[in-house]
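Accompanying notes for the structure given below.
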DNA sequence: GATGAATGAGAGTTCATTCAT
DNA sequence: TATGAATGAACTCTCATTCAT
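Residue numbers (the working numbering), protein chains in the order written: chain A, 1 to 199; chain B, 200 to 398; chain C, 399 to 597; chain D, 598 to 796.
This is the structure we're talking about:
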């Protein structure tokens, strides 16, 4: 339990520090100070700086994947699934603003970090979205004209950018529901002014 | 003339290196080698490593801003403007794949780079999109229910993510028109299967 | 205790290296090697190269100031005080030949080192000499014709130059007493051949 | 004549820059800018940075040596010679304040500059003073108790320190005559209050 | 397990010097 | 001669990682 505690404390500290300074500007000693442990202690729980980031991505996304999967499993309607996915994502990101910053910033870096860097859970997470869209197409609920990969990117990119509204530096105070419904409205109904009802 | 050349060569080299390794993993000596100049030569054209990135963002975005602004100025229909914006963005990113990677990766880092870091042109670019959406709402072409800020994020995020399809590491071969039309279709008409024509 | 040791070792090494090569020609790695520590270790104890020199000047002069002040405090005769000042100065410089070299070489540089460079103790030290001379004048032991500032410079300059006789490169083997008495004889009695006793 | 001009301009510029920043902090480009020539031009007249300093010391001291020698050659009284030496030294230093700074600052550095550094004229200059004192002793005008080397140091050190009063940073406005007479008074008559005339 | 002083490889940057023009 | 852009060796300083306690 002591051990569990330290691991958790270091991860929490790292998320905070990475969010504030970015991975490359964050120093191990910053994390150690934030976690109130000695620098060396960090190396009892993590192999190196990279693996701290990797662990954050894996563990935190693991939680999201698990929760989202569970909720989606209960649904059969792809539209409802998409709703859930979007809402859960935004909810998770709002809950842990620092995490949102870390995830999105470092996702791009990941490929440049070194050979041993693989964010398995992240791929799994993207897979869920791909699955939803595929199912939607197959069930002929979503348009057949849409490319699955492209749509996944559209939604994912939009989510990523939307998640940033909760950063400390921004003054906007959107609710999860607000953003969620705007995104859904856009992708589902389009941005056109509704045509006047045909008499 | 010599001077102009070196500046350009260094910028081109830096875009390549930043795209491949990311800003923080890129070494000045990597850029120098790529540009076939001595390390010290770089400092005749740039104050420091940061300012190389800043210059890339400003100069390259400057070009895009200029081109896009010109094209949009000719239009009066917000939907057509949006079409142009999206297409131009994707076109620019496909043309310079490395730039796309740099832009998107480092945009997030920018805030963590130090006080003297300001990407003016970037803000200007975002402003164009905001303007289009505002106009669309005002002209009652776009839905009154849409929040301008939120929609801008949705489109921008989507574009950002879509732009990444041309990265060397990915094997997909989308055309600009393809991506462009998919995104427009999604945001304009929604992803729903078109309702069967009412008889 | 470890800490105290390292600080002292680095200072001692720096004095040696500065004396031999001068501040600007001295490399951090030279000092590190001399002190038998890693280069990086030096930065655990000092902010930068400048501050090593500053510390030397402050700490070493601090000792001299303290000792000299104590001894002088016991005296009331300005002539005796001057004798003490001169003797103590020469004694300190002979004891630490390298320090003498550093002090005198770098005193001039100090003003050109950067804003944050202030050798407080040094000023304090000069103040002692000024005080002695002022008192001598006030008590009418020293000539009223002498400008305090000028005399301080004469004595200080002489001491500075005399202190250099103990440098390794020179073969002279003067004793402190010898130099001290010569200087005192000169400034007190003048360099004239004593006039033949008036019959 | 063009050539002569450039050499002179560079020397003048170097004296100014060295005085202001010190030898090590002075950049070749500073000197070039001050002299209004290109950096590379400096290397048409001097082998390297060191040799600029060396040339300054040699040329400028050469002038002083020549002038002082001439004046002293006319005298036979060592006391008068000493008077001339001191006055000439101070006069030269006041005339070229920057030179004074350079000379005194760099004299100490000289030994640490590298093998090829020899300031011949400087030794010659010191020789003049040594000669005067020796002669004074031999002629039994100066005290037999004084060590020539020591006295030379006393006088030289005093002169060095006194010369600094004209630095820009200091506000004192002594005349050459004032300093000269104070120094002579001190070394000749001592600093004692003149004994009351015996009745 | 926990510490934090110590390490040292490696980074960005400077600037004396060179050389094509 | 004169230029000044280009060079690259060498510097100071940082910080992830180690290891004796």
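Built from N, CA and C at the ideal position, the CB exists for glycine as well.
For the putative contact between residue 145 of chain A and residue 384 of chain B, defined by C-beta atoms under 8 angstroms, what is the C-beta separation to the nearest angstrom?
-> 7 angstroms
Where are the alpha helix (DSSP H) runs, 4 residues long or more, that stay fully inside the region 55-103 of chain A, in chain order?
-> 78-95
Please look up how many angstroms separate the CB atoms of residue 274 of chain B and residue 210 of chain B, rounded, as I've assumed it's under 8 angstroms.
-> Actually they do not touch by this definition, with Cβ atoms about 31 angstroms apart.
So is residue 200 of chain B buried or exposed if we call it buried at 16+ other beta carbons inside 10 Å?
-> Unreliable placement is indicated for residue 200 of chain B, whose pLDDT of 41 sits below 50; the coordinate value is still reported in the next sentence. It counts as exposed.
Is there at least one Cβ from chain C nearer than 9 angstroms to residue 724 of chain D's Cβ?
-> no
Is residue 98 of chain A near residue 20 of chain A, with beta carbons less than 9 angstroms apart?
-> yes
Contact between the region 523-534 of chain C and the region 436-456 of chain C (3+ Cβ pairs under 8 angstroms) = no
Nearest chain D C-beta to residue 549 of chain C closer than 9 angstroms, yes or no?
-> yes
Coarse secondary structure for residue 359 of chain B, derived from DSSP in three states | helix
Listed by chain order, chain D residues near residue 558 of chain C by CB distance under 8 angstroms = 754, 757, 758
By Cβ distance below 6 angstroms, which residues in the same chain neighbour residue 574 of chain C in space, the five residues on each side in sequence not counted?
-> 488, 489, 492
Determine, using beta carbons only, whether residue 458 of chain C comes closer than 9 angstroms to chain D.
-> no
Name, please, each residue of chain D whose Cβ falls closer than 7 angstroms to the Cβ of residue 422 of chain C.
-> 621
Nearest residue (CA-CA) to residue 340 of chain B, options B/320, B/365, B/276 | B/276
Partner residues on chain A for residue 381 of chain B, Cβ-Cβ distance less than 9 angstroms | 145, 146, 147, 150, 151, 154
Of all Cβ atoms in chain B, is any one closer than 9 angstroms to the Cβ of residue 185 of chain A?
-> yes
Beta-carbon proximity list for residue 720 of chain D, same chain, < 8 angstroms, skipping 5 on both sides = none
First and last residue of the alpha helix (DSSP H) that includes residue 242 of chain B?
-> 238-244
Closer than 9 angstroms, CB to CB, is residue 773 of chain D near chain C or not?
-> no
Going along the chain, which residues of its own chain have a beta-carbon closer than 7 angstroms to the beta-carbon of residue 260 of chain B, five neighbours each way excluded?
-> 320, 321, 324
Which of helix, strand or coil does DSSP assign to residue 235 of chain B?
-> coil
Residue 57 of chain A and residue 6 of chain A closer than 9 angstroms at C-beta | no
Residue-chain proximity (residue 236 of chain B, chain A), Cβ-Cβ < 9 angstroms = no
With 16 other CB atoms within 10 Å as the buried threshold, where does residue 372 of chain B fall?
-> exposed
Check: residue 621 of chain D C-beta below 8 angstroms from any heavy atom of the ligand FAD = Looking at this structure, you won't find the ligand FAD or any other ligand, since it has none at all.
How big is the Cα-Cα spacing for residue 776 of chain D and residue 760 of chain D?
-> 9 angstroms
CA-CA distance, residue 433 of chain C and residue 461 of chain C?
-> 22 angstroms
If you measure from the beta carbon of residue 769 of chain D to each beta carbon in chain C, is any gap under 9 angstroms?
-> yes
Report yes or no: is there a C-beta of chain C within less than 9 angstroms of the C-beta of residue 696 of chain D?
-> no
Leaving out five residues before and five after residue 481 of chain C in sequence, what residues of the same chain have Cβ atoms less than 7 angstroms from its Cβ?
-> 582
How many whole angstroms separate the CB atoms of residue 431 of chain B and residue 147 of chain A, which I take to be in contact at a CB cut-off of 8 angstroms?
-> With chain B running from 200 to 398 in the structure shown, residue 431 of chain B is simply not present.
Is the CB of residue 442 of chain C under 9 angstroms away from at least one CB in chain D?
-> no
Can you tell me whether residue 81 of chain A is buried or exposed, with buried defined as 16 or more other CB within 10 angstroms of its CB?
-> buried
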